[in-house]
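In this note's numbering, the protein residues as written are 3 to 282. Here a beta-carbon is modelled for each residue, glycine too, at the ideal position from N, C-alpha and C. For reference, the structure discussed in these notes is given below.
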Amino acid sequence: MYPTQWGLTKSPFPSGIDLQLFYEGFNQREALARLRYLTSHPSRCGLMLGNAGFGKSHLLQLFAKECRLHGKAVALVDLLGLSTHEFLWQLGIQLEAAVHIENQPPRLFRQLTDRFQELSFERQRIVLLLDNVDQVGPDLRTLLLRLAQNETTRATGLTLVFSANASHSAQLGERLLDLVDLRIDLEAWDELDTIGYLQLALVAVGLEQPLFNDEGISELHRISGGVPRKINRLAEHSLLVSSQMIDSQAPDSSMSDSRLMIGAKAVQAADELLSLPCTG
């Protein structure tokens with residue numbers, strides 16, 4: 003496999019979210035600057051929009067870590083599939099409120115607002131980062147509106163940040179959209195961002211020389227459309243495909259570095275592999 007050919011001990015392009023592997027391009031810097039602005043002003047509501055794979059969840063997790071390091075009281079909740087009870091319970095647990103799993107939503111809400119007031123008295127900024135708000139049902143959407151508009155919670159200087167798929171923003175409803183003070187848009191990477199991310203990923207695993215040649219990078223960026231998740235997935239599969247290509251050529255110890263680099267052909271083969279329908 004590829005570790006023996008490139009001296010790798012682990013994949014440079016892991017699946018899932020890795021906070022140690024965050025590429026801060028121009029768009030990411032702008033998004034973080036807007037998030038910091040929101041949390042520096044009381045009673046603000048932000049909405050982060052981006053298509054699937056643009057890194058909304060990754061950015062929220064990174065920002066939650068940053069807020070905690072600065073002494074803020076932070077709760078990060080993925081709203082996908084949650085009931086009102088599960089949502090309030092998760093908020094209460096993360097903010098160390100005196101909640102109990104058997105309590106009903108009305109009581110959980112009161113316990114949560116009590117905790118907001120305690121944190122406010124302690125002069126702790128409260129930040130709620132709520133992912134996948136476009137996936138909530140009507141009951142939870144109503145609760146989010148209540149949370150944002152409640153006089154008690156607003157008096158505590160609560161900051162709310164929602165994230166949603168840009169193509170589903172209409173599902174949020176006018177009332178929720180009207181609460182938004184600042185919108186944060188995530189966009190696809192340009193080719194320079196793609197190059198920067200590949201370099202960062204390789205350096206993170208101790209590899210200083212490039213793995214992709216210029217044609218390979220251009221093809222990877224073209225096929226992925228600059229979507230970070232697709233870039234990562236395609237780069238990983240290109241690595242595996244290229245490994246198989248090299249094995250089929252029976253390389254020896256004198257093989258040049260240029261022959262070990264991943265080109266457009268391997269990237270195209272990886273894309274075809276990813277596009278194959280699942281069977282069985």
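Problem set entry | Span separating the alpha-carbon of Glu176 from that of Lys58 | 22 Å
For this session: Compute the beta-carbon to beta-carbon distance between Ala272 and His239, rounded to the nearest angstrom, for a pair I have assumed lies under 8 Å.
Result: 4 Å
Exercise. Closest by CA to Leu202, which one among Ala237, His102, Ser169?
Worked result: Ala237
Exercise. Under the three-state reduction of DSSP, which class applies to Thr161: helix, strand or coil?
Worked result: Here Thr161 carries a strand assignment [DSSP, helix/strand/coil].
For this session: List the whole-angstrom C-beta distance separating Ala168 from Leu51, where the pair is believed to meet the contact cut-off of C-beta under 8 Å.
Result: Indeed they touch by this definition, with Cβ atoms about 4 Å apart.
Problem set entry | For Thr86 and Cys69, believed in contact at Cβ under 8 Å, the rounded distance | The beta carbons of Cys69 and Thr86 sit about 25 Å from each other, so the pair does not count as a contact at 8 Å.
For this session: With distances taken Cα to Cα, identify the nearest neighbour of Gln119 among Leu160, Ile219, Gln96.
Result: Considering only alpha carbons, the answer is Leu160.
Problem set entry | Where Pro108 falls, given that 16 or more other Cβ within 10 Å makes a residue buried | exposed
Exercise. Taking C-alpha atoms, which residue in Arg156, Thr158, Asp187 lies nearest to Ser171?
Worked result: Asp187
For this session: Classify Leu275 as helix, strand or coil using the three-state DSSP reduction.
Result: helix
For this session: Following the continuous alpha helix (DSSP H) through Gly27, name the residue where it begins and the one where it ends.
Result: Note, Gly27: premise wrong, no alpha helix (DSSP H); not H, not E.
Problem set entry | Where Ile128 falls: helix, strand or coil (DSSP) | Correct three-state label for Ile128: strand.
For this session: Keeping to the same chain, check which residues put their C-beta closer than 6 Å to that of Ser122; ignore five residues upstream and five downstream.
Result: Sequence-distant Cβ neighbours of Ser122 in its own chain, meaning closer than 6 Å and more than five residues away, are Thr158.
Exercise. To the nearest whole angstrom, what separates the beta carbons of Glu221 and Val269, a pair I think is in contact under 8 Å?
Worked result: 4 Å between Cβ atoms; contact.
Exercise. Does the beta-carbon of Asp141 have 16 or more other beta-carbons within 10 angstroms, so that it is buried, or is it exposed?
Worked result: exposed
Exercise. If you draw a straight line from the C-alpha of Ser17 to the C-alpha of Asn215, how long is it?
Worked result: 23 Å
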